[in-house]
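A.B. asks:
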Amino acid sequence: MNRARLWSFQYRYAPYLFVTPFIVLFLVFLLYPLGRSFMLSFYQTIGPRHQKFIGLGNYWFLLQDRLFWAALGNTAMYVIGFVGLQIPAALGLAMLLNSKLVLGRSFFRFAFFSTHLVGSVFVAVLFSQLLSPRHGLLNMALSWLLQTPIEINWLGEPRLAMVSVLFASLWLSIGFGMIYFLAALQAVDRDLYEAAMVDGAGKWSQFWNVTLPGIRPVLVFMVVVGTIGAFQLFELPFVLFQQSAGPNNSALTIVMYLFMTGFQVRDLGLASAIGWSLVLVIFLIALVQVRISGVTREG
Amino acid sequence: MSFHLGKPILAMLLIVGGSGAAVLLRPPPRSGDLVVWVFAMSHAESLRGDGSPNQPPTLIEQYQQRTGQRVEVKLINNNALNLRLMSIFDRLDRDEVSGETPDLATIEIGSVGRYFRPPVQDVGFLPLNEYLKRSGYMDRIVPPRLATWSKRGVIFGVPHDVHPVTITYRKDLFDEADINLASAQTWPEFQDLCLAFQAYWHERGHPHRYAIELPFAASDYLVCMLLQRHINLIDDEDRIYMAEPIVAETLAYYVRLVSGRRRIGATPTPGTNMWMRDLDRGDICAFITADWRATYLKNLPNLAGKLAMMPLPRFEPTDAPTATWGGTMIGIPRTARDPDEAWRLIEFFYFSPEGLAARQRVTKILPPVRDFWNDPLYNEPDPFYGGQRVGQLFVELGDQIPTRYVTPYTTMAIAQLSQVLTAAVEYHRARGDSGLEEHCQQLLNDAAQDLQRRIDFGRIDE
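Going down the list, the sequences are from chains A and B.
Per numbering that gives the first Met the number 0, the very first residue in the first sequence carries number 0; after that it's consecutive.
Per numbering that gives the first Met the number 0, the very first residue in the second sequence carries number 0; after that it's consecutive.
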């Protein structure tokens with residue numbers, strides 16, 4: 000092979016060589032497991048050694064499974080609460096810490112973001128102590144405020160269980176959302192605010208007509224990503240309720256149910272069906288969100 | 000020195016390069032002739048010692064001196080151990096994986112059910128019935144304890160323990176209230192004494208002082224009460240007993256212990272071993288205690304001399320005065336390199352005087368071999384419990400433990416019972432005693448039906 004042909008060969012095939020590691024890893028660790036789990040969802044299984052093709056049997060079972068519906072309901076409630084509270088709280092905080100009137104903004108930005116650095120498991124351990132019935136900080140604060148002994152079992156009462164999870168996950172994630180909104184707010188053209196002021200727009204009008212349109216792509220991103228992440232809730236309730244589904248299944252989420260089915264009962268077929276059902280739910284909801292927001296229509 | 004991407008990137012590259020080189024150049028871990036996987040630190044320490052100097056030879060050193068076989072004990076997180084072992088058991092061609100299979104593995108009672116899901120001939124552990132018969136240990140181990148680790152009569156594990164259950168209580172606080180809790184023979188008598196105890200302390204400015212740990216949203220102790228009455232939620236043939244009237248009756252009774260005007264039970268502070276703090280503070284003054292819990296309590300030296308222990312009260316004279324809570328087995332994977340050698344190791348660890356001595360250095364939990372119960376250690380007064388012979392109490396109860404079965408659906412059944420319990424407590428709070436037992440029965444019927452549906456769906460013909 001002469002030098003010119005060698006260069007030509009390199010020129011043609013070098014790009015393929017460079018992308019090969021990614022392609023191999025993608026195929027082995029992502030595409031194959033996805034395909035395999037999709038196939039498994041049509042089988043009744045006891046590990047890979049015992050498999051029986053049952054078509055849509057696993058999906059049909061799930062349609063009639065009260066635990067699956069309970070998990071879906073709990074997760075949906077959590078998603079609504081999480082996205083509905085996280086986005087306004089993070090945006091509000093970002094606007095506050097974007098204001099030049101606030102002293103020590105850098106410190107507060109870091110302080111609010113720092114909760115995100117500790118991770119879900121740590122937060123779950125922390126909140127299990129904060130919400131403890133007799134000596135938890137929250138009950139002690141309520142007792143002090145109301146001047147009467149308060150013993151609310153935050154993690155034991157079915158109605159309060161998911162509220163406690165929501166409380167913990169908001170504490171964990173509001174600061175994270177704030178960082179995205181801060182970046183978006185700082186990218187809004189200052190001239191637009193000046194023009195609005197010249198036109199006589201008040202603070203609310205500026206927020207509604209300048210700020211919100213200016214940060215809309217980030218807002219949509221936060222809603223979609225927040226929704227997807229919230230549907231995948233697992234480790235926080237799993238640790239908070241000590242590997243159980245909480246009182247009266249009130250903290251059972253879809254991914255927890257998937258884990259219990261796959262690794263405790265060891266039914267990988269049904270667990271795969273739960274996983275693919277979750278994919279479908281997330282896909283449909285994200286599609287609706289993107290359509291409603293109109294973000295895809297923009298150039 | 001200059002680097003065109005900047006110093007932070009250079010520093011990160013150096014760290015990555017250095018740590019990568021260290022990992023690559025690290026000498027491979029020395030592997031033993033026999034490998035044992037354990038999930039609990041106490042199990043590991045009883046086999047390989049705690050590393051402190053001037054200790055007698057460890058159990059694995061003694062085994063090596065005796066046989067020349069080197070034993071490696073690997074301490075692995077419980078979840079990781081189960082995932083790794085199940086993935087080994089699930090490989091299509093078992094011969095291919097024998098190299099990474101441990102020779103012995105310990106499994107916790109909450110995890111063992113999943114191993115019993117395949118047909119008996121495909122359970123990943125080796126049947127031990129023949130080994131146990133041949134060695135004579137079949138008759139020397141407490142029989143109900145073997146049932147826990149069996150499927151359809153085939154024994155897959157040797158029990159590590161018996162774990163009889165008692166009640167440990169703050170004798171100092173009960174004495175101050177002039178109440179002799181140990182005199183209670185039945186649960187209703189126990190409840191009456193506890194109510195008197197609470198009334199005494201509530202009047203004296205302790206509104207958060209409860210008599211006993213009984214959570215209203217978790218069914219562990221309800222399961223203990225049912226075991227006392229010889230009821231398993233599911234037996235080893237996958238028959239469901241959840242909807243039996245005796246379960247509804249026990250459930251309704253338990254609900255009255257944790258809610259309403261005759262409430263005596265409280266939920267402990269969440270978190271690992273936080274219950275001990277409740278006992279220490281006198282927030283909850285009695286705890287259901289298996290022998291492993293009694294060992295933990297000794298980590299609180301200021302409770303020394305303040306505690307006493309009693310058998311469980313009964314509902315009926317035919318009930319057991321104890322139950323069993325928790326447990327561990329040791330088993331031989333079918334793909335182990337030399338099952339006979341692995342069995343000899345089990346014999347040395349679990350059935351030899353050396354094994355007993357090593358266990359006693361770490362914990363006083365009762366071994367499952369009855370012959371060992373004559374050891375003076377289990378008969379001496381315990382100063383921590385005010386001189387009470389708590390070891391002797393565990394020995395007396397050890398022979399009376401009810402049979403406990405574990406199946407792949409036991410975890411699910413216990414979870415369902417917890418849900419039923421929570422719903423029944425909500426009913427009781429809203430409507431009181433009226434119609435409680437009927438409501439409990441209805442809830443249990445629904446749960447049993449749902450469980451049956453799951454079992455039927457997951458069944459693969461054997």
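The beta-carbon is built from N, C-alpha and C at its ideal position, and this holds for glycine as well.
Just the C-alpha distance for B:Ile178 and B:Lys297, rounded to the nearest angstrom, thanks.
C.D. replies: Within the second sequence, numbered from 1, the residue matching residue 178 of chain B stands at position 179. Within the second sequence, numbered from 1, the residue matching residue 297 of chain B stands at position 298. Distance between the alpha carbons of B:Ile178 and B:Lys297 is about 24 Å.
A.B. asks: Applying the 10 Å Cβ sphere with the 16-neighbour rule, what's the burial state of B:Arg169?
C.D. replies: Locating residue 169 of chain B in the second sequence gives position 170, where the first residue counts as 1. B:Arg169 is buried by the Cβ-count criterion.
A.B. asks: If the criterion is Cβ atoms closer than 7 Å, does the pair B:Trp36 and B:Ile8 meet it?
C.D. replies: Taking the second sequence and counting its residues from 1, the one referred to as residue 36 of chain B is at position 37. Taking the second sequence and counting its residues from 1, the one referred to as residue 8 of chain B is at position 9. For B:Trp36 and B:Ile8, no; Cβs fall outside 7 Å.
A.B. asks: Comparing alpha-carbon positions, which option in A:Ser168, A:Gly83 and A:Ile173 lies nearest A:Phe109?
C.D. replies: Position 110 of the first sequence, counted from the start, is the residue given in the question as residue 109 of chain A. Each of A:Ser168, A:Gly83 and A:Ile173 was checked against the Cα of A:Phe109, and the nearest Cα belongs to A:Ile173.
A.B. asks: Would B:Arg458 be called buried (16 or more neighbouring beta carbons within 10 Å of its own) or exposed?
C.D. replies: In the second sequence, the residue the question calls residue 458 of chain B occupies position 459. With fewer than 16 Cβ atoms within 10 Å of its Cβ, B:Arg458 is classed as exposed.
A.B. asks: I'd like the list of long-range same chain contacts for A:Gln231, defined as Cβ closer than 6 Å, with 5 residues on each side in sequence excluded.
C.D. replies: Within the first sequence, the letter at position 232 stands for residue 231 of chain A. So the qualifying residues of the chain are Val254.
A.B. asks: Around the C-beta of B:Met40, are 16 or more other C-beta atoms found within 10 angstroms, so that it is buried, or is it exposed?
C.D. replies: Walking along the second sequence from the start, residue 40 of chain B turns up at place 41. So B:Met40 counts as exposed.
A.B. asks: Determine, using beta-carbon pairs with one atom in the segment 83-94 of chain A and one in the segment 174-193 of chain A, whether at least three such pairs fall under 8 Å.
C.D. replies: yes
A.B. asks: From B:Lys259 to B:Gly31, what distance separates their C-alpha atoms?
C.D. replies: Taking the first residue of the second sequence as 1, we reach residue 259 of chain B at position 260. Taking the first residue of the second sequence as 1, we reach residue 31 of chain B at position 32. The residue you asked about is not Lys; residue 259 of chain B is Gly in the sequence shown. The straight-line gap from Cα to Cα measures roughly 59 Å.
A.B. asks: Straight-line CA distance for B:Thr266 to B:Ser134?
C.D. replies: Counting from one through the second sequence, the residue named residue 266 of chain B turns up at place 267. Counting from one through the second sequence, the residue named residue 134 of chain B turns up at place 135. Approximately 45 Å between the Cα atoms of the pair.
A.B. asks: At 8 Å on the CB atoms, spell out the chain B contacts of A:Ser243, in chain order.
C.D. replies: The count along the first sequence starts at 1 and reaches residue 243 of chain A at position 244. In chain order: Ala217, Ala414 and Ser417.
A.B. asks: Tell me whether the segment 329-348 of chain B and the segment 154-165 of chain B touch, counting them as touching only if at least three CB pairs, one residue from each stretch, are closer than 8 Å.
C.D. replies: yes
A.B. asks: If contacts are defined as beta-carbon pairs under 8 Å, then B:Leu161 and B:Thr323 qualify, I think. What distance do you get, rounded to the angstrom?
C.D. replies: As a first step, residue 161 of chain B must be located in the second sequence, where it is residue number 162. As a first step, residue 323 of chain B must be located in the second sequence, where it is residue number 324. Residue 161 of chain B is actually Val in this sequence, not Leu. Indeed, because the Cβ distance is near 7 Å, the residues count as touching under 8 Å.
A.B. asks: Give me whichever residues DSSP pairs with B:Met309 in a beta bridge.
C.D. replies: The count along the second sequence starts at 1 and reaches residue 309 of chain B at position 310. Paired residue(s): B:Ile166.
A.B. asks: Quick one: what's B:Lys73 bridged to in DSSP?
C.D. replies: As a position in the second sequence, residue 73 of chain B is number 74, starting the count at 1. Looking at the DSSP assignment, B:Lys73 forms a beta bridge with B:Trp36.
A.B. asks: For a test of the three-state rule: what should DSSP assign to B:Val161, helix, strand or coil?
C.D. replies: If you number the second sequence from 1, residue 161 of chain B lands on position 162. The answer is coil: DSSP assigns B:Val161 none of H, G, I, E or B.
A.B. asks: Assign B:Pro312 to one of two classes, buried (16 or more other C-beta atoms within 10 Å of its C-beta) or exposed (fewer than that).
C.D. replies: For the purposes of this step, residue 312 of chain B is identified with residue 313 of the second sequence, where counting begins at 1. It is buried - the Cβ of B:Pro312 has at least 16 other Cβ atoms within 10 Å.
A.B. asks: Looking only at C-alpha atoms, which of B:Pro117, B:Glu107, B:Gly123 and B:Asn78 sits nearest to B:Thr100?
C.D. replies: Position 101 of the second sequence, counted from the first residue, corresponds to residue 100 of chain B. The shortest C-alpha separation from B:Thr100 is found at B:Gly123.
A.B. asks: Identify whether B:Lys132 lies in helix, strand or coil by the three-state DSSP scheme.
C.D. replies: Here residue 132 of chain B refers to the residue found at position 133 of the second sequence. Here B:Lys132 sits in helix by DSSP.
A.B. asks: Would you call the CB atoms of B:Ala446 and B:Val405 closer than 7 Å?
C.D. replies: Numbered from its first residue, the second sequence carries residue 446 of chain B at position 447. Numbered from its first residue, the second sequence carries residue 405 of chain B at position 406. Cβ distance not < 7 Å, so B:Ala446 and B:Val405 don't count as in contact.
A.B. asks: Between the segment 265-285 of chain B and chain A, which residues of the former have CB atoms less than 7 Å from a CB of the latter, in chain order?
C.D. replies: From the segment 265-285 of chain B, only Thr266, Thr268, Pro269, Gly270 and Asp282 have a Cβ closer than 7 Å to chain A.
A.B. asks: Please report the distance separating the alpha-carbon of A:Leu29 from that of B:Arg151.
C.D. replies: As a first step, residue 29 of chain A must be located in the first sequence, where it is residue number 30. As a first step, residue 151 of chain B must be located in the second sequence, where it is residue number 152. A straight line joining the alpha-carbon of A:Leu29 with that of B:Arg151 spans about 40 Å.
A.B. asks: Would you say B:Asp89 reaches chain A, if we count a Cβ-Cβ gap shorter than 7 Å as a contact?
C.D. replies: Along the second sequence, read from residue 1 onward, the residue named residue 89 of chain B stands at position 90. For B:Asp89, the answer is yes, since a Cβ of chain A falls inside 7 Å of its Cβ.
A.B. asks: Could you name the residues of the same chain whose beta carbon sits closer than 6 Å to that of B:Thr57, not counting the 5 residues immediately before and after it, in chain order?
C.D. replies: Locating residue 57 of chain B in the second sequence gives position 58, counting from the first residue. Excluding residues within five positions, the ones whose Cβ falls inside 6 Å are Arg47 and Gly48.
A.B. asks: From B:Gly5 to B:Gly112, what distance separates their C-alpha atoms?
C.D. replies: Taking the second sequence and counting its residues from 1, one reaches residue 5 of chain B at position 6. Taking the second sequence and counting its residues from 1, one reaches residue 112 of chain B at position 113. The straight-line gap from Cα to Cα measures roughly 55 Å.
A.B. asks: Using beta carbons (cut-off 7 Å, strictly below), is B:Phe196 in contact with chain A?
C.D. replies: Taking the second sequence and counting its residues from 1, one reaches residue 196 of chain B at position 197. Taking Cβ atoms only, chain A never reaches closer than 7 Å to B:Phe196, which makes this a no.
A.B. asks: Looking only at its own chain, which residues have a Cβ that is under 8 Å from the Cβ of B:Phe115, when we skip the five neighbours before and after it?
C.D. replies: Taking the second sequence and counting its residues from 1, one reaches residue 115 of chain B at position 116. Around B:Phe115: Val122, Lys150, Phe155, Val405, Thr406 and Pro407.
A.B. asks: Quick one: which chain A residues come within Cβ less than 9 Å of B:Arg113?
C.D. replies: The sequence position of residue 113 of chain B within the second sequence is 114, counting from 1. Correct list: Phe262, Gln263, Val264 and Arg265.
A.B. asks: For the beta strand (DSSP E) that A:Ala229 lies in, which residues bound it at each end?
C.D. replies: Working through the first sequence from its first residue, we reach residue 229 of chain A at position 230. Per DSSP, A:Ala229 belongs to no beta strand (DSSP E); it is in the alpha helix (DSSP H), Leu211 to Phe230.
A.B. asks: Under 7 Å, do A:Tyr31 and A:Gly268 count as touching if we go by C-beta distance?
C.D. replies: The residue you call residue 31 of chain A lines up with position 32 of the first sequence. The residue you call residue 268 of chain A lines up with position 269 of the first sequence. In this structure, A:Tyr31 lies away from A:Gly268, with their beta-carbon atoms at least 7 Å apart.
A.B. asks: Given a cut-off of 7 Å, decide if A:Thr114 and A:Trp68 are closer than it, judged by their beta-carbon atoms.
C.D. replies: Taking the first residue of the first sequence as 1, we reach residue 68 of chain A at position 69. Taking the first residue of the first sequence as 1, we reach residue 114 of chain A at position 115. No, the Cβ-Cβ distance between A:Trp68 and A:Thr114 is not below 7 Å.
A.B. asks: Which residues in chain A have a C-beta closer than 7 Å to the C-beta of B:Thr421? List them in chain order.
C.D. replies: Here the question's residue 421 of chain B lines up with position 422 in the second sequence. Correct list: Pro157, Pro246 and Asn247.
A.B. asks: Please name the residue or residues paired with B:Glu107 in a DSSP beta bridge.
C.D. replies: In the second sequence, the residue the question calls residue 107 of chain B occupies position 108. According to DSSP, which records beta bridges pairwise, B:Glu107 is partnered with B:Thr327.
A.B. asks: Using a C-beta cutoff of 7 Å, does A:Ser276 count as contacting chain E?
C.D. replies: Judged by its chain identifiers, the structure shown contains no chain E, and its protein chains are A and B.
A.B. asks: Short check: CB of B:Tyr62 to CB of B:Val70, under 7 Å?
C.D. replies: Reading the second sequence from its first residue, position 63 is the one you call residue 62 of chain B. Reading the second sequence from its first residue, position 71 is the one you call residue 70 of chain B. Yes; because the gap between Cβ atoms is below 7 Å, this pair is in contact.
A.B. asks: Considering just the uninterrupted stretch of the beta strand (DSSP E) at A:Lys51, what are its terminal residues?
C.D. replies: For the purposes of this step, residue 51 of chain A is identified with residue 52 of the first sequence, where counting begins at 1. Start and end: His49 to Phe52.
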